[in-house]
Each structure stands twice: as structure tokens, then as C-alpha cells.
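Protein chains in written order, with this note's numbering: chain A, 14 to 572; chain B, 14 to 572.
Quick reminder that beta carbons are idealized off the backbone N, C-alpha and C, glycines included.
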């Protein structure tokens, strides 16, 4: 067995640990050192909120593996509580500091892998550093939050930021019995979703008694005034709202830990992430980088992006090991596939959303639908709000979003696979998916999304977004509600006329031939049928994408 | 609006109803007649077992739509209780019989669509036609079964046949409190699964106290002898077993209803299904056929096949309408994607299984794995038994099977999408799927299947099937168990030696260099690591695919 290279890995969680394990499987003779600043390697960072909330009962469960177990299995030299101080690329050494003894020493390498992750953003808001304020990055953070929260049962918690971690923490602190508020600087939570999709989460959050402050950034963390009780601070928002907090979670996003790389003169991308080529190699040929620290190419838009997700980090760890020790492989970009539970709802997305496509200057069309999670005649079916974005010329699927109580993760994963395979909406319409009443429908929600989009492509129907409904010109358009009388009387869009679908053929003479007829029903299916009848009878007719349900969500989102 | 064609559709359930609705959306001016032999159209045939079991509480729920509702919406001429007696292709007429009045009349057509479905097989077993014997095809069948079963609470039910309908009926009759037995002529239930995968269903069925008679066809249905109580018949199996039954379900498969087509001189395929071209047109240019009645091309093997599934039938209905009235489209074949709940287990498959690949003479390799349904550190994770079949040369995914308590449908649908997109195992390894602890793992089960298969393709590891383990030659091979001592002492494969993974590097000298080392652990992951260590140290090592878990299942399957 010839002697293998000496591989030094900075960072021992998702990407770093994956790279180390894969490297050992490829080479028994490599020397593999894995350095981690914290006390644990290979811990369950995505599980931290669930430990705080008590769903994960034991802290031991957060430790997916231990240095001892990893060493026994993979013969690694693991150094926890060890910080990388600086890289000396010319000498091929890294200066390490043992955080327990404070000893500094130089460690030479043949190959260096940077898996330094991303650090929670802490903007310079006055008072941000205080006892009772926490970020959620590692096991000690989770333990500290738990300990602090134990002191304030039923207390007030304020979560700053409505991204993945913020929403998961809000849910879990609520589960602990705390009174929770979320403050978000943007007009919506879950920025990976488009506004009308995110609006469904707003409803769900508020329905659980969690305060939700949108478009309202934090301006300061203050001491409690008289009459206010706040063991941590009073969170002051730009609107002037004062939220007394016994516990504050800072979840305002993360920023790649690129300073080691930057200080060593490695190229940094426009996003602030470490720049790597398609093989995940940095601008120094002996140094590779993976995970949340790097800038990736977005698989749909091609834009340089930061997509700090555990799945890509793990796979990048394997790829980088293969490139160093095995078959050369390329990383094809990240697609931003994500899934999240928010109370009883699940929200997922994959590919590009409207904002990402707009900033990339890509043309797209979107369709909205509200299919049943499984066959409507089998108990427990519930609606999924879906949005599919596609290229109107080529039909290629560009993005998908879904929110619902059940079956969301499956449809997102199917559409993620479709996007990564380069499928068109026509392909998706034809996908043969598993159907039995408890699991789906003969036309699966994914199929339906493809069918609706493909009807647009062939010109069978045209549609406008619910947002455009409010902007319509009553002189040139008429709004037509084709639902049943009982639905109409429960609420409808102001200014609409009402003819149920089943009566349209007989009441064509009530409709104007000189105006565009904008039709809607509850979800968009019946109004599509109506549009077909109208168009073939010489009317100009357009469907409202996602119809009344999406229109309501868009209204709530203020868009 | 120019006058459209006169379209006559024989059969008003999945494919027929889809074709009718799509045709109307494409043409307001077509004359569309839909003829159905039974009293209902567009009913929930896949829901029938769940109505019998009481999960679907109301018979009205089985009627997805009614003739009146369909007519109002789609302006159809629907004729229920009407049988097609014969087609006269030269005259372009069909002779119809009104089953209520017995009146026969000729109906001319411009275009004819055959959506005649498939009928339950009733082999000429003595005594098969008796009161208390039922097939499960339509709503009247379900109502009759319910009524009969109501008379025998806690009685004995025997289900003949262990396919989709047989297993669903067995589960639902058990749910009603009946004592259920299943008799299956093959050595396994669920013939779409390979034997070692189906074995897990055998366990589950027996664990619920349901009798399971495998490789045991029915030889007769007899009257009860003295001492036997059987309101329906005594089911006599070839083995001699006598199963007294108050209720018998005949679920021995279905056969395409092709007699109308055959009598009209239309081409019939080798499988007995109506032969159609890629546009779903029969050998008569004015006649099209869809659904369970037709022979399809298998999307993976290309073999002429019968795949009576609701999803394909519905999509074929759309395609045929498009071909008649809109954009010409082709049907790309069926992939046999199916999902089924059997008590607390879910079993799914997509693409080709071993038998299908063997009969098509296609080369393939298979890997077995047992990943967690979601992150192991989050509560409720359970193992999924997966099998992935792929082309060793091209890497193309050919088939997948999965059995487990949770998350099976999602992985089957992802792999179904991958197969239909022509993805390789390397592509599947790299799929970016949604990950949060309640839903999956950073390396999703689908990813893991792709990774294992791709490790085989690059030669990183070789494996043998558990079946080959029993046939190994002890003179040239040694069997190595690398699990922990506690696992070993709970049971192991006879003849194995035992070195836990963590000790292998230190105990290499205990292993022979002149024999092939066949390694196994519980699921195949640790023994893969062991193989990597051994191979790099100059040993010849092979992994057992799916390891101890799959070996146990294969033993139970007798393969």
C-alpha cells in the first residue's frame, strides 16, 4: 500500500465529516486530520430546534457520531476544540490553536479541505449582545437555550428572523409553552417562497397564537421600562413596537465563514462565499472547499448563490474526496430544495422562485393549483397549495413551491427530481407515479401541475395572476365567478358577476363579447372549464391562476 | 363553430371519463356519447376495498361524479346500464343494448374509443360460482360484499389471490373483524415485488393473524362437511388444506376486456390486450383504445405488457382526446409504478423487477439497503427495505422496490421520476431532495441507493446477493460478520467468523489471504466499510447486498 496524501479538514460537521469518511474509504493510507472548533463533530445541526422543543428528548441523540466512534471506524485524527488561526498556502501549513490549552502549532498538509460552514449574522443592532440572546448553531447553543428557557416557563420568547431556523425555533419554543413572537424585516417569512405561498404560513403562525411582525426590522434591544417584564431584553422594532422578551433567538440568516480563506488570499465570490470551480477546488490548487462556506452556482438560474443546506454539504464532501483520491467528479450546482414543518403545515420549494428568476432576467410563467393530497373520496385528504414555474418557450420546469398539511414533501421531491433531470411540464404531466387512495390520486398533484402548465403552452387556456385581478380595467374586462351559489354567498371578489359553471352554456347571452372575461372558481379547475366553453363560443376568456384560494392568499400577502 | 366529430366512448370509468371530459374541453361542437354497462360512471374503483372495510364511510363517496353532474359540466350524452354488443367497423356503428329495457339499437360514430377495462379472472375451478363468492370490480360488487359480510360478523373470509386487490381486501375484511385467510398460487404475494422484498409483507400479514397460504392454488370450492361451518364454501387448496369460508373474494387477477375488439377484427396483442400504436389507435383508424383493455409497451423493458393501473388509464384518456381533436401526442409506455398499504406496511415499486428484466434478457445489477425513513435522531424513524435495479454498463436505473412503515411512497415516486427521465445511479446519488429532520436525511434513502449502486459501478465494492451466500463454497470463501458483539449473539449466519468493524484493522492477521471474504453487517453499510479496508489491504472482499436484514428476508422467501 503506497503512502497516501496528508489531508487536513477544517470543520467536522456535515461536509467535513462526509469528506473525511469518504476519503478513508477511498484510501486506507491517507493521513486524515479533521479539526473542529467546537466540542463535537458530526452533530445533528438540523435537529437543534427539535431538541430545544423537547421532540428530541436526549442530547445524546444530537451527536450523530463521536470522535471516538469516527476514529475507530475511519481511523481519523480528530481534534475538537481546535481553531484554525490561519492558512499559510505557500508553506502548505495551517496554524491551529488548541482552545483548551491555548497552544498554537503549525500543521502541514498535502491537501486542505475547508468546511468552515456559515455563522449566524449578528448585525450591529444596539444591545444585541446580552444574556438571554442566542444564536442556534451548535449543541452548546441548544443546551444554553434549553437551560435558559427552563428558567422562564410560560415566558415570552422573541425570534428575530422568519427563515428556516427562525420558524423552526418559533414552533419549538411554542411547543415548550412559551409565548412566542416573530419579527421579520421582510414582508414575508420563508423567503424561498413567493409571497402568495408564504401567506399561508402567516395564517398558520397566527392561528397558533404566535405574534408575527412583518416588514418590521429590529432597531434595538433595550432594557425593560417600568411595567415591562423582560428577562432578556425588550425587542424594539422599527414600527415602534416593543416586545418584552425573556428569551431572544437571533435567526437573521447566516454568512459564509470565509475569513480564513480570504486572509489566505483565496478568491472569494460575489456573494461572499469561498469561490470554487466545478470540482470544488478553490483558487489554490491544494485547497478545496465545501458546504455552507462556499458560493455555488444555482442549478436553474446559473447565478452565483449561497444555499446553505445540509444535503448539498454532505454530497460535496463525497465529491471533494473523490476528486482528491478517486474518480474526478463535478458538482452540478445547487437547486435550493428545502422542506420545513411550521406547526401543522409543511412548506417546501425547489428550483428558482419568482424573485430568483426575475433577478436572473429569465422569462417564466407560473401556474397555481390546489389539488388534494390524496384521493378526495378517501378520508383525510387536504388541499396542497402548489405553484409551478416554467419556461414558456421550452416548457422546462424552473421551480416549484407547495404548502399543505400532508404530501408536500413528496411532491416537492418529485418536482426537484424533474427539475434536476431537465424535464418539461409535458413530461411532468405524463409522470407515472404511485397511486392508491391513501397516497395520491390517479392524476397526482405533480401531474396536474404539469397538465395545467402544458395547457398554457399549447394555448388551450391563458391565465393571469391573482395580483393582476385587482389591477384589471373594468372598462375592458369583466370578472366572472363560476362557483356554486353557496360558495358565492360565502364570499367573492368585488365586482364579479356570477354564473355557475353548469349554467354557462345556457347563459352565454349574459356575457359581453367586447370585453375580456376573467373567470375564477375556487381552485381554478372549473374556471378553466368555463374558459374553454367561452373561448370556443367566440369570447375572449382568461383564467385566474389558482383562482379564489390563491387570490385570497395574495390579498393577505398584500401583493 | 364548425361541427365536431361524433365520438362514441365504450366504458365510463377512469380512461373513458377522462377522454370524454378532455374531448369536450377541446371541442364544444363534438357530439360525445359515453356508454357504460354498469349503473355508475366515473366511480372510485380503487376505493372499493376501503368502502367494504368501512374506511370510506359512505357509498356516495365512491361516486366521484354522476351522469347528471358530468352532463351539466361537459355536455355529454351518458348512457348507463348500456352494453356494447358488437362493433361494425365497416359501417362505423356499434350495436348497443339497453340493459333495463333489453332494447338493441345501432349507434353510428365518427370516432370510437374503447375503454372497456379488464374483468376479474374466474378460472374454471369447480364450484367457483356460488352465493357468497364475489369479485371486486364495481360499486354493486362492493355493496353486495358489504351486505353479505354484515350477515357474518366475525366470520371467516378467504381471499383468493395476493395481488393489489386481494391484499387490500384482506386488510379491509380483517378491519371489519373477520378472520381472514389468503390463498395464493405463487410462492409470494405482490408479484410486482421480488421475492426477498415481498417476504416482508408475508411477515406483516401473518403478524396480523391473517392466514397466508403460498404456492397453494385453489383446486375446488366445496360444500361444508359435517363439523365445518361455511356460509359460502369450503375453499380446498392443492395442498389439501380446507378453508371454511363465510365469504370468498376472487382476486386472481384481471384480463383485458378485448372481446368486442376481437370480434370486430381489431388486432389483439400477444398478451391478450387490444393492440394499439404509439398514439393509442387500434388497427382500425377510426377506433382508439385506452386503459386496462390495452396492451402497453413496458417503459423499461419494451416488452408488450398488461399494466392495469388507474394513473395510466387517466392519462391515456387525455392523450387519445388530444390525438382525436387537438395536438397529436404519443404514449410513452407504462412503468408499472404502484403503491399499496398492507396493514402498517407500505409496499411500492416502479420500473422493472428481476423477473421482468430476466424475461426481457436485459443485464442488470441490484443493490439492497435499509435506510431510515427520516433522520435517525428525530423520533419515529423506521427502516425502509429498498432494492434498486440498474444497468451496470450505462448506470441507468431500471427498477426500484421499497417496503416500510413510512416514506415509501415518496421514494418510489422520486425513483419513478428518475427512471422515466432516464437518470443514472450517479444522477440519483446527486439528487438534491428536501431535507428536514421530520422528512428525510441529508443523504436521502434515494441518494443512498444511487450512491451504493455507483460504488459498484466504479468498482469500489462488489457484492453478492443474500441468496448466493447460502451457495458459497467454504473452501474458497470465508463469511465475516462485522457487527457488534451484542448483534452477533442475537443471531448470525451459520459458519461466519466475527470481527467487529472497529477491530478489523488490528485483526487483519486473523483473516485468510487465499480466500474471498464475504462480509456482512446488519444493513450492508458497515460491511461496505469493512470491504474497503480489506480490499486496500490486499484481501479479496465482497459485501452481502442488504446484509443480514435482506439475508433474513431471502431465507423467509425461500430464495
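If you check the beta carbons only, do residue i and residue j fall under 8 Å apart?
i: residue 402 of chain B; j: residue 461 of chain B; result: no
i: residue 424 of chain A; j: residue 465 of chain A; result: no
i: residue 327 of chain B; j: residue 25 of chain B; result: no
i: residue 455 of chain B; j: residue 324 of chain A; result: yes
i: residue 351 of chain A; j: residue 447 of chain B; result: yes
i: residue 498 of chain A; j: residue 564 of chain A; result: no
i: residue 170 of chain B; j: residue 287 of chain B; result: no
i: residue 32 of chain B; j: residue 303 of chain B; result: yes
i: residue 282 of chain B; j: residue 308 of chain B; result: yes
i: residue 99 of chain B; j: residue 108 of chain B; result: yes
i: residue 544 of chain A; j: residue 491 of chain A; result: no
i: residue 312 of chain A; j: residue 348 of chain A; result: yes
i: residue 65 of chain A; j: residue 80 of chain A; result: no
i: residue 295 of chain A; j: residue 319 of chain A; result: no
Under 7 Å Cβ-Cβ, which residues of chain B neighbour residue i?
i: residue 79 of chain A; result: Correct list: empty, because the minimum Cβ distance to chain B is about 12 Å.
i: residue 433 of chain A; result: 444, 445
i: residue 47 of chain A; result: Correct list: empty, because the minimum Cβ distance to chain B is about 17 Å.
i: residue 74 of chain A; result: 390
Residue i touches chain B at which residues, Cβ-Cβ below 8 Å?
i: residue 327 of chain A; result: 455, 456
i: residue 386 of chain A; result: None at all; the shortest Cβ gap to chain B is about 11 Å.
i: residue 317 of chain A; result: Result: empty, since nearest Cβ-Cβ is about 17 Å, beyond 8 Å.
i: residue 348 of chain A; result: 445
i: residue 549 of chain A; result: 14, 40, 41, 42
i: residue 340 of chain A; result: 471
Whose C-beta lies closer than 7 Å to the C-beta of residue i among residues of the same chain, with five residues either side of it excluded?
i: residue 332 of chain B; result: 293, 342, 344
i: residue 487 of chain B; result: 508
i: residue 251 of chain B; result: 229, 230, 232
i: residue 520 of chain B; result: 512
i: residue 404 of chain A; result: 376, 377, 411
i: residue 237 of chain B; result: 243, 247, 257
i: residue 334 of chain A; result: 32, 35, 36, 39
i: residue 314 of chain B; result: 365, 369, 370, 373, 375
Since residue i and residue j should fall inside the 8 Å C-beta cutoff, what is the C-beta to C-beta distance between them, to a whole number of angstroms?
i: residue 165 of chain B; j: residue 195 of chain B; result: Contact flag wrong, Cβ pair sits at about 18 Å.
i: residue 90 of chain A; j: residue 20 of chain A; result: Contact doesn't hold; Cβ gap of about 10 Å is too wide.
i: residue 415 of chain A; j: residue 441 of chain A; result: Not really, about 13 Å apart at Cβ, beyond 8 Å.
i: residue 143 of chain A; j: residue 246 of chain A; result: 5 Å
i: residue 556 of chain B; j: residue 540 of chain B; result: 5 Å
i: residue 530 of chain B; j: residue 493 of chain B; result: 5 Å
i: residue 205 of chain B; j: residue 366 of chain B; result: 6 Å
What does residue i touch in chain A if you count any residue whose Cβ is under 7 Å from its own?
i: residue 345 of chain B; result: 443
i: residue 9 of chain B; result: Nothing in the structure corresponds to residue 9 of chain B, since chain B is present only between 14 and 572.
i: residue 419 of chain B; result: Ordered by position in chain A, no residue passes the 7 Å Cβ test against residue 419 of chain B, which lies about 11 Å from the chain.
Can you list the residues of chain B that residue i reaches, using a CB-CB cut of under 9 Å?
i: residue 427 of chain A; result: 423, 426, 427, 429, 430
i: residue 27 of chain A; result: 455
i: residue 542 of chain A; result: 34, 37, 38, 86, 87
What in chain A is Cβ-close to residue i, meaning under 9 Å?
i: residue 174 of chain B; result: Under the 9 Å cutoff, chain A gives no residues; its nearest Cβ is about 17 Å from residue 174 of chain B.
i: residue 68 of chain B; result: 391, 392, 450, 451
i: residue 63 of chain B; result: 390, 391, 392, 450, 451
Leaving out five residues on either side along the sequence, give the residues of the same chain with a beta carbon under 6 Å from the beta carbon of residue i.
i: residue 152 of chain B; result: 53, 56, 75
i: residue 567 of chain B; result: 209, 479, 480
i: residue 241 of chain A; result: 247, 257
List, in order along the chain, the chain A residues whose C-beta lies closer than 8 Å to that of residue i?
i: residue 59 of chain B; result: 388, 448, 449, 450, 455
Taking 8 Å as the limit between beta carbons, can you name the residues of its chain near residue i, skipping five residues before and five after?
i: residue 526 of chain A; result: 551, 552
Next item on the list: Enumerate, from N- to C-terminal direction, the unbroken alpha helix (DSSP H) stretches of 4 or more residues contained entirely within the region 325-378 of chain A.
Entry: Segments of the alpha helix (DSSP H) lying fully in the region 325-378 of chain A: 367-372.
Checklist line | Continuous beta strand (DSSP E) assignments of at least 3 residues falling wholly in the region 243-323 of chain A | finding: Complete beta strand (DSSP E) runs here, min 3: 246-250, 255-258, 260-263, 267-269, 300-302.
Check: In the region 171-228 of chain B, which residue ranges form an unbroken alpha helix (DSSP H) of at least 4 residues, counting only runs that do not cross its ends?
Finding: Every alpha helix (DSSP H) of 4 residues or more that sits fully in the region 171-228 of chain B is shown, in chain order, as 177-188, 208-220.
Notebook entry, point to check: Of all the beta strand (DSSP E) runs that stay within the bounds of the region 488-526 of chain A, which reach a length of 3 or more residues?
Noted result: If we require 3 residues or more, the beta strand (DSSP E) runs fully inside the region 488-526 of chain A come out as 490-494.
Item checked: Every unbroken beta strand (DSSP E) within the region 69-125 of chain B, with a cutoff of 3 residues, ordered by chain -> Counting whole runs of 3 or more residues, the region 69-125 of chain B contains the beta strand (DSSP E) stretches 90-92, 95-101, 106-111, 117-121.
Item checked: Length-filtered (4 minimum) alpha helix (DSSP H) runs lying within the region 412-493 of chain A -> As for any alpha helix (DSSP H) of minimum length 4 sitting wholly inside the region 412-493 of chain A, the runs are 421-433, 438-443, 458-470, 479-483, ordered along the chain.
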